[in-house]
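Protein chains in written order, with this note's numbering: chain A, 1 to 284; chain B, 1 to 283.
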Amino acid sequence: MKQTMKRKKRRTDVIWTAALSLLCLVYIYPIALILFNSLKTERAITTTRIFELPDAETFASLENFVYGISEMDFLASFWYSLVITVTSVLLILLCCSMCAWYISRVDGKLSRTMYYLCAFSMVVPFQMVMFTLANTADTLKLNNPFNICVIYLGFGAGLAVFMFAGFMRSMPMEIEEAAMIDGCSPLQIFFRVVMPILKPTMISTGILETMWVWNDYLLPSLVLDIRRYRTIPMAIQYFRGGYGSVQMGPMMACIIITVVPIIVLYLVCQKYIIEGVVAGAVKG
Amino acid sequence: MEKAIRKFWPIFVLPTLGAFAIGFLWPFVWGVYLSFCRFTTVQNVSFVGLQNYANIWIDNTFTHAFFFTAAFTVVSVALINVFAFALALLLTRKLRGTNLFRTVFFMPNLIGGIVLGYIWKTLLDGVLALLDRPLLALDATAGFWGLIILMCWQQIGYMMVIYIAGLQNVPIDLIEAARVDGATDFQTLVRIKIPMVMSNITICLFLTLTNSFKLFDQNLSLTNGLPGKDSQMLALNIYDTFYARSGPQWKGIGQAKAVIFFIVVAAIALIQLRATRSKEVQQ
């Protein structure tokens, strides 16, 4: 009887594997569709001919890519997105881990206020502050890719402080106390003792914040001067919404060059990304 | 030790607090104030009391967007969580290719909302054209289901990963004990697995609920509210009131709408957290 049950389980498993493989194809299809359309000539990319594969006649080689990159000024956009993401995430990681350490080691009004502020900031929708924030950013000259990280720090602090504080509560205080007795100042304790222990949480938090900042559209589009600085999401939106007739080929080429680096990065550090998501969910 | 650290608060807390004040607190307080004002730029602001709140209902776009968003949220939260949980169950059965499946299902999360919207617009318009149906920009119902499909495609993988983590933490001996006692697969699922992953359900419901309710990028790129303003969700409606309408009264109305939006989002988040937290199993 056990034998038949096992065989039965094996058979259902095969069916499920087949079904899931099929679902995988469905998942990949939209991106594949954009990929092969980005290789077609403009005339072959109409709504009715979108599902045709490129053939000898409609194959456009890399024309769309060359045109898209130059027209959209893709390299500049890529640079701005990169600068914003790297500076913002580093700033968030540094400031929020310090803040979280203070909150979890000092009990007082300041700590409690910060904690509630973080919780509060996570529920407020961006539309609530978008207009006034854009104005504040203009006044304080935070409206360029090099200073906008201050705003991202303000917005990303909630999640980051929670994740760090959640981890620190489970960290033994004895090590820090020992360091203090040995004559370390709080700054030394933080950078020499706490920071190294925090590394896994740093990676998880860094990944969650990177996913958010890199893909964020509304905040930079309201804060930055769109004629001078366009991040990748802004450039795609501008490309599509800016003028009357959209050139589909270059547009799809741009989507592909936006998506491919992300997918490659994902495949390389998949383990960390998924761990980061789980950690964020459990602590958040 | 506490005393020593306390002295260093300007170094540890002040940067975050300062950025918080600039990027969040001040704009928030100022935004609440402006919702009681008539303004076009921040230079000419005149206090008008509750007039903006009354004027929200001059046209029915806000009400329409509210019901559109509410319907969208209910459908997408239900679909995403059911499918994500089902996939998580399948992927914890030690099937062949589990890692590959997980990789593929999670992938869409890394792509930004704007880009996702355009990818799906291309695909869905193609399908609609094949079926001889009006395109997304002409049909709000198609727009609604388009958004649902897009959100499912994007979010199922994320929630699935969270559910998988929960299911993997269910102690094996608990399941085996149930099996020895003669529980069916369905009974183990309902009586053991689901109660044990309740905290993951809480967080997934919270995430999908707030994500769906606050959805903006995907709405902007997939349908842009078309036809007319029929497929506008709340966030896009507020954006549209702020930046796309001419006339001196609209910015104040937009800000008033944003305040109401905030209150609704906060209320939903609190009620939901309280409701599901009480069902969690203490471990």
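The C-beta atom is built at its ideal place from N, Cα and C for all residues, glycine as well.
The CB of B:Met196 never comes closer than 7 Å to any CB in chain A; the least such distance is about 14 Å. Non-local beta-carbon contacts of A:Glu209 in its own chain, meaning distances under 6 Å to residues more than five positions away in sequence, involve Val89, Ile92 and Gly156 in chain order. Just so you know, the alpha carbons of A:Ser185 and B:Ala4 end up roughly 8 Å apart. A Cβ-Cβ separation of about 6 Å places B:Leu150 in contact with B:Leu222 under the 8 Å criterion.
In the assembly as shown, B:Arg102 is a buried residue. Its beta-carbon has 16 or more other beta-carbons within 10 Å.
As DSSP reads the structure, A:Phe59 sits in a beta bridge with A:Lys40. By the rule that beta-carbons nearer than 8 Å mark a contact, B:Gln154 does not touch chain A.
For B:Ser199, no beta strand (DSSP E) run applies; the uninterrupted alpha helix (DSSP H) run containing it begins and ends at Met198 to Phe213, by DSSP. Per the C-alpha coordinates, the member of B:Trp250, B:Ala266, B:Trp9 and B:Ala78 positioned closest to B:Thr61 is B:Trp250.
Using beta-carbon distances, B:Gly252 does not count as an interface residue toward chain A, since no partner is under 8 Å.
Between A:Leu142 and A:Val150 a beta carbon distance of about 5 Å is seen, short of the 8 Å cut, so the two are scored as contacting.
If you draw a straight line from the Cα of A:Met180 to the Cα of B:Met1, it is about 7 Å long. Burial is judged here by how many other beta carbons sit within 10 angstroms of a residue's own beta carbon; A:Cys254 has at least 16 and is buried.
A:Pro125 sits buried, since 16 or more C-beta atoms from the chains shown fall within 10 Å of its C-beta.
DSSP places B:Phe47 in the strand class (E or B) of the three-state scheme. Nearest CB-CB separation between B:Thr122 and chain A: below the 8 Å threshold.
One thing to note: A:Gln127 has its Cβ within 8 Å of the Cβ of B:Tyr239. Cα atoms of B:Asp132 and B:Asp125: separation of roughly 10 Å, rounded to the nearest angstrom.
Residue pairing by DSSP puts B:Phe39 in a beta bridge opposite B:Val45. Around the beta-carbon of B:Leu90, 16 or more other beta-carbon atoms lie within 10 Å, marking it buried. Taking the Cα of B:Gly254 as reference, the smallest distance to any Cα among B:Tyr243, B:Ile263 and B:Val264 is reached at B:Tyr243.
The CB of A:Pro30 comes closer than 7 Å to the CB of Ile119, Trp120 and Leu123 in chain B, given here in chain order. For A:Pro200, the uninterrupted alpha helix (DSSP H) run begins and ends at Met195 to Asn215, by DSSP. Within a 10 Å sphere around the beta-carbon of A:Ser81 sit 16 or more other beta-carbons, which makes this residue buried.
For the set A:Thr139, A:Phe162 and A:Ile84, the Cα lying nearest the Cα of A:Ser111 is the one of A:Phe162. If you look at A:Ser88, you'll find it in the alpha helix (DSSP H) that goes Phe74 to Arg105. Among the CB atoms of chain B, one or more fall inside 8 Å of the CB of A:Asn135. Within chain B, the C-beta atoms nearer than 9 Å to that of A:Thr258 come from Ile111, Gly112 and Val115, in chain order.
Burial state of A:Arg240 is buried, judged by a 10 Å Cβ sphere holding 16 or more other Cβ atoms. Within the stretch 37 to 118 of chain B, the runs of beta strand (DSSP E) that reach at least 3 residues and sit entirely inside it are, in chain order, 37 to 39 and 45 to 47.
Between B:Ala19 and B:Asn237 the beta-carbon gap is near 29 Å, outside 8 Å, which marks them as no contact. About 18 Å separates the beta carbons of A:Ile263 and B:Met160, which is beyond the 8 Å limit, so they are not a contact pair. For A:Tyr217, the nearest CB of chain B lies under 8 Å from its own CB, placing it at the interface with that chain.
Collapsing the DSSP output to three states places A:Leu142 in coil. Ranked by Cα distance from A:Phe167, the first of A:Ala281, A:Cys269 and A:Asp216 is A:Ala281. For A:Arg192, the closest Cβ of chain B is not nearer than 8 Å.
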